[in-house]
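Below you'll find the structure, written out as structure tokens, and then a few comments.
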Amino acid sequence: MHIAILGRQPAISIAELERVYGDVSWFSEISALVQPSAEADYIDIQRLGGSQKAGKVVLQVPGRDWRAASLKIVQHYSKAWAKKDGKITLGISAYGFSEGPRDIQKTGLVLKSKLKPTGTSLRLIPNQEAALSTATSHHNKLGLADNKVELIVVKGQSGIVIAESTGAQNITALAARDQGRPKRDAFVGMLPPKLAQIMINLAGLEKGLILDPFCGTGVILQEGLLMGYNVFGSDIAEKMISYTEANIQWLENNHDFKNQTAEWTVGDATTTTWQSNINDTPQKLKIDAVVAEGYLGQPFSAPPSNSKLTEVRGNTNHILSEFLKNLAGQIEPGTPVVFGVPAWKDIDGRFTHLPLLTKVEDLGFSYVELRNVRPDQLLYFRPDQIVAREILVLVKN
Ligand SMILES: C[S@@+](CC[C@H](N)C(=O)[O-])C[C@H]1O[C@@H](n2cnc3c(N)ncnc32)[C@H](O)[C@@H]1O
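Mapping of the sequence shown onto the numbering used here: residues 332 to 728, in sequence order.
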């Protein structure tokens, strides 16, 4: 059994885990228990956009207080690590407890003093918070070698879980992919790479070709390539396609995608027939999944007036519905479609949704049922944003 520490929006993170690993359930408000397949008893954290850390569960403790967890850690590891050659680096991260960083750190110090007489030397990572930040875990390579350990201790409804980390999200690589790309465009609103990974994973596709018909600067195509898929992007704006091209070429400078295909073309998603030109003669594109952040309408820095909202909502609803109609005729039944659409937040924090949300059946699609979340929980936004992205996880009927 493994545990994942979920990201800023836990419902979206657990939905991603469920689509990738199947056997997933809530453990606490910020964590999930995951049983990966028997062959691969491992959570690949670098493939997940929504989880911060993952670990293999080594101990379970009944009860809910930190003292019980702390005693168990000291008891178990003072035996397991006695007389160890070489230095062990240890970080302890506690989630869901009321104790502060000093209390958590104290457990490490007690363990250190118990190990000292056996000859084992322990380097303890200081706790600024009860849980080490993802950055600290990542920079110290915790979980990536036998002697670099992070204990992830989580309080859940049914007791306490103690896990050994198998890695934290590589925030350096994510930032480099986001900020290092040669072409960026704040106006169209680029997707954060993490969210692109989440959306791709929500498709639940093992391998094959992903189509993004609103590809913009190409973030979904970029992340799709890195995850091993073939990709095809289209966008109505020639400028955006030139950005996609520059960004993918930049990525190809440092990665080898020679067994994969990547194509892009200018096209209006409401009318285009997607065709591949990879073999020089145009052929109907075989689409295994569609992952796209659709047209979101204009950006807003303050809630729009009612009349403005009605206009933008009507306009985007029309384009995105026409796209779904056009797409329905070009994909096989069972094809997953993960579609990010706009929702607008008002001054009271309530969201206005697109009318098409209740019309997907008429357009030829159904919502994919998830066990751990309802469809309306898949709303991605930052507190300061007016336009949120509502993620629809659909399947072609
Ligand atoms: C929100 S942006 C997508 C951004 C993209 N995910 C990225 O990371 O750069 C929406 C894109 O849809 C494109 N677009 C708008 N209407 C379109 C249409 N009818 N067909 C295809 N693309 C369209 C815009 O040019 C824009 O690039």
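For each residue, glycine too, the CB sits at the ideal point set by N, CA and C.
- Within the region 565 to 609, the runs of beta strand (DSSP E) that reach at least 3 residues and sit entirely inside it are, in chain order, 593 to 597.
- Check the Cα spacing between T666 and each of N648, V726 and T641: the tightest is with V726.
- Distances from the CA of D707 to each of G338, A346, Q510 and I531 were compared; the closest alpha carbon is that of A346.
- Its chain contains no residue whose beta carbon lies nearer than 6 Å to that of E642 once the 5 sequence neighbours on both sides are disregarded.
- Less than 8 Å divides the Cβ of L348 from the Cβ of V365.
- By the criterion of at least three beta-carbon pairs nearer than 8 Å, the region 479 to 489 is not in contact with the region 366 to 376.
- Straight-line spacing of the CA atoms in L640 and E721 works out to 16 Å.
- Rounded to whole angstroms, the gap between the alpha carbons of V699 and V724 is 6 Å.
- In this structure, the CA atom of K617 is about 28 Å from the CA atom of V519.
- Setting aside the 5 residues that flank it on each side, Y373 is surrounded in the same chain by P367 and T497, each with a C-beta closer than 7 Å to its C-beta; the list follows chain order.
- Not one heavy atom of ligand 1 sits closer than 7 Å to the Cβ of L482.
- Ranked by Cα distance from L694, the options G549, N648 and G680 are led by N648.
- Considering only F358, I376, K445 and P544, the residue with the shortest C-alpha distance to Q661 is P544.
- Short note on F545: C-beta closer than 7 Å to some heavy atom of ligand 1.
- According to DSSP, H333 shares a beta bridge with V365 and K387.
- L526 counts as buried, since at least 16 other C-beta atoms from the protein chains shown sit within 10 angstroms of its C-beta.
- Inclusion of A385 and H469 in the CB contact set at 8 Å is not warranted, their separation being larger than that value.
- A distance of 8 Å or more separates the beta carbons of I404 and L453.
- With a cutoff of 7 Å, A600 counts as near ligand 1, since its C-beta is closer than that to a heavy atom of the ligand.
- With a cutoff of 8 Å on beta-carbon distance, T612 and W595 are scored as not near each other.
- In the same chain as Q629, and ignoring 5 residues on each side of it, the C-beta atoms closer than 7 Å to its own belong to V643, in chain order.
- For the pair L688 and V672, the Cα-to-Cα distance works out to about 9 Å.
- Per DSSP, the continuous beta strand (DSSP E) segment holding K676 begins and ends at P667 to K676.
- Short note on D715: C-beta not closer than 7 Å to any heavy atom of ligand 1.
- The beta carbon of G439 lies closer than 7 Å to those of L421, I423 and L455 in the same chain, with the five residues before and after it left out.
- For G645, the three-state secondary structure derived from DSSP is helix.
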